[in-house]
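Residue numbers for the sequence shown follow the numbering used here, beginning at 1 and rising by one.
Here a beta-carbon is modelled for each residue, glycine too, at the ideal position from N, C-alpha and C.
None of these values were measured; they are calculated from a predicted model.
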Amino acid sequence: MIHTLSTRQKLWAASMATVFIAGCGGSSGSDDPPTTGDVTISHGASSASAMAHSSQQAAAAIPAATDVVQDHAPLPDGVNAMQVEFRDSAGQLLYGPIEVEAAPQVTIQGVPLNASSLTVDYLRNGGYALASDDEDIVWNDAVSSVSPVPAGVAPSTTQWNSGIDAQGNARFTVAVEGGTAQSFLTKGVGYSPAPIGFSNKNGPSFGDVFWDTPGGFLDFENVWKRDLEVIRGHGFNAVRTYSLIANFINDDGTIPDQAAINSPDSLLVREHKKFLDEAWNNGVDPIYVIVGIPMPEVIFDKNYFDNTANAKEIEYWDNNFTATVTQMQNHPAVLGFTIFNEIGGGADRYADNAAKAQHFWGQVQNYAERAKRIAPDKLVGWAYFDDPQFASKTLDYRRQYAKAIDFYGINAFQVEQLATTLDPWKQSAQSDTARPILLTEYGLPTTVRDGGGDLPPIRSTEASIKKTAEVVGKVIPQAFKHPVVAGMFYFEWSDEWWKQGGGSDIKQEGGARVDYFPQQHWDEEGFGLYSIALGDRSAEQVYADAAWKKGSNVQVDKLTPKTELLDVLKDIYKNAEQIREAALSQP
């Protein structure tokens, strides 16, 4: 995808550069001397495309095509975009970064005439640099041309750390490309963009819609490409995924053995480079990703784990965990991993049954330490219920088994205050077991119902959105003011219609009554910042048809912003650092 310019980029390119592929531009005529000009960037074909082109020529016995520029260094293989920056003689950025197609010849208009050099990054999937080059610009009137010689670059890196300082304040830091570690306040959104008719409960992906297409298989690239650009534009800096896994199960829901997964033609191993590259965006306003590994109850519950009938499922998830962390360990867009989401109830973790609790915590230790061994530069944590006793009753277990955990995630849905959720996790109460807290979920539904019954139709109205926004606007700032919080993920990006137990995947249906919620109901399918609606397809047509014309991955579901709620969140996130600094500076 060729990105639109971000807000920061627009400051440098207020008039928007006009880019011509295999053509020439030219400054508009005027009596005044020009202040900007055109720069043409020329390459030969990539080695792969040149070989294919040569084969086509030989087969057709025709001369070379005009779009293959001769006598220039070729474009690197595997790139589809170039990111270009223009600098003055002092090295100051004048214009860009601008992203353009990786074509043999590209002309960029509107370049300031005091630009004396340019840098070209050659991007895989429009977001990850594989090569780079710096070239001087020599102007001839208001025209210049350069012929870069791309050279491979070291892989992009991010190194994450977490901690609690001497004052009891939580902090994440990230060092980009080996640079100085910078504080990072997480301002994210839970991201599980399930199309209408799709269910995260079902195989083969358990909700992973972020995979690259293997061998022409269907994917949901059109969904997340659209969303990531919007998320970036809102100023959010992270997404939390719930399933981003290396190995899928069979389409019929059965568990494959490892030999079947490793078979070259199985299509059960899925890469995620496109999604992560798009999120990274070559380090320009990156969206960092929490990789959710949906380790199931069978791993953490001793009764299920000890049942030999579950051995194949346990083996699958154990291998999948290792494969997933290994696949994503070095990608700069990855912030870290969650090893489970809302597994089990509190009693099994700290109460009557010591054997079950020890098994649970032993598995926490197993997977947390494994993840840190494989990916030491990423953070590892969990997402647990908002359990008021968990912080105090698990101290000894966490001291013994959770040393490798970098953050504790809490899924909270309070409507008045967060003190009862967060205060038990202060360093004064936690001592050496203290860790930064991420609100791995915080949000409230916006939906009202049109009738009664167990599964009534629900929808969001202007009034219901306003009511939820008023509550959210009062509660979320409390999170950023709290010393132990390192950030949060709003729950969630868009409504999901599969979530209501006993309901239909093609209808938006309501849940149980919860009197203290703004709309008095726990509507699992109504938490989104955006409502969803069908495009030009039937709800049953989830995957594209043979003609690639119908299906949710072709005709992406329509998103409608819940504007007042979205605006409240954007405003809080925009000012989150100032909110936090002001609160923590108080005596």
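Nearest-angstrom Cα separation, counted from residue j out to residue i
i	j	result
residue 33	residue 140	14 Å
residue 314	residue 320	10 Å
residue 38	residue 286	29 Å
residue 213	residue 219	6 Å
residue 310	residue 363	16 Å
residue 571	residue 187	11 Å
residue 584	residue 195	41 Å
residue 203	residue 256	12 Å
residue 483	residue 170	6 Å
residue 316	residue 181	37 Å
residue 51	residue 71	Below a pLDDT of 50, predicted positions are generally treated as unreliable, and residue 51, at 40, falls in that range; no measurement from the model is reported.
residue 464	residue 265	50 Å
residue 372	residue 581	31 Å
residue 352	residue 393	12 Å
residue 534	residue 91	49 Å
residue 374	residue 329	7 Å
residue 574	residue 235	7 Å
residue 340	residue 383	6 Å
residue 250	residue 468	40 Å
residue 65	residue 492	For residue 65, the predicted model reports a pLDDT of 36, less than 50, meaning its position is unreliable; a value from the coordinates is still stated below. Looking at the two C-alpha atoms, the distance is approximately 50 Å.
residue 338	residue 410	11 Å
residue 407	residue 442	16 Å
residue 222	residue 207	16 Å
residue 279	residue 237	10 Å
residue 158	residue 263	32 Å
residue 494	residue 542	17 Å
residue 75	residue 125	14 Å
residue 79	residue 451	53 Å
residue 567	residue 232	15 Å
residue 291	residue 381	10 Å
Other residues of its chain near residue i: CB distance less than 7 Å, five sequence neighbours each side excluded
i	result
residue 63	Note on residue 63: pLDDT 37, under 50, position unreliable in the model; the coordinate value appears next. Same-chain partners within the cutoff: there are none.
residue 305	298, 299, 314, 359
residue 261	247, 268, 269
residue 537	550, 551, 552, 555
residue 343	297, 300
CB of residue i within 8 Å of CB of residue j, strictly
i	j	result
residue 391	residue 424	yes
residue 601	residue 368	Nothing about residue 601 can be read from this structure; the chain reaches only from 1 to 587.
residue 118	residue 143	no
residue 530	residue 559	yes
residue 283	residue 160	no
residue 421	residue 395	no
residue 111	residue 36	yes
residue 201	residue 498	yes
residue 440	residue 226	no
residue 576	residue 480	yes
residue 456	residue 502	no
residue 151	residue 136	no
residue 87	residue 131	no
residue 447	residue 519	yes
residue 146	residue 129	no
Beta-carbon contacts of residue i that lie in its chain and below 8 Å, excluding the five residues immediately before and after
i	result
residue 540	197, 506
residue 327	246, 271, 272
residue 138	144
residue 82	41, 99, 100, 101, 102, 106, 120, 121, 122, 123
residue 54	Low per-residue confidence applies at residue 54: pLDDT is 40, beneath 50, and the placement is therefore not dependable enough to give any value.
residue 113	34, 35, 36, 37, 139, 142
residue 93	12, 85, 86, 87
Cross-strand partners of residue i (DSSP beta bridge)
i	result
residue 95	86
residue 531	560
residue 101	81
residue 118	86, 135
residue 459	448
residue 550	None; residue 550 has no bridge partner.
residue 382	408
residue 328	BP columns for residue 328 are empty, so no partner.
residue 509	457
residue 160	174
residue 123	81, 129
Cβ-based neighbour list, residue i, same chain, cut-off 6 Å, excluding 5 preceding and 5 following
i	result
residue 361	397, 401
residue 276	331, 333
residue 415	471, 516
residue 205	248
residue 399	433
Anticipated Cβ contact below 8 Å, residue i with residue j, distance rounded
i	j	result
residue 246	residue 269	6 Å
residue 508	residue 449	Contact flag wrong, Cβ pair sits at about 10 Å.
residue 199	residue 486	Between residue 486 and residue 199 the Cβ distance is about 32 Å, and since that is not below 8 Å, they are no contact.
residue 242	residue 294	6 Å
Proximity test, Cβ basis, 8 Å: residue i and chain D
i	result
residue 522	Chain labels in this structure do not include chain D; a single protein chain is all it has.
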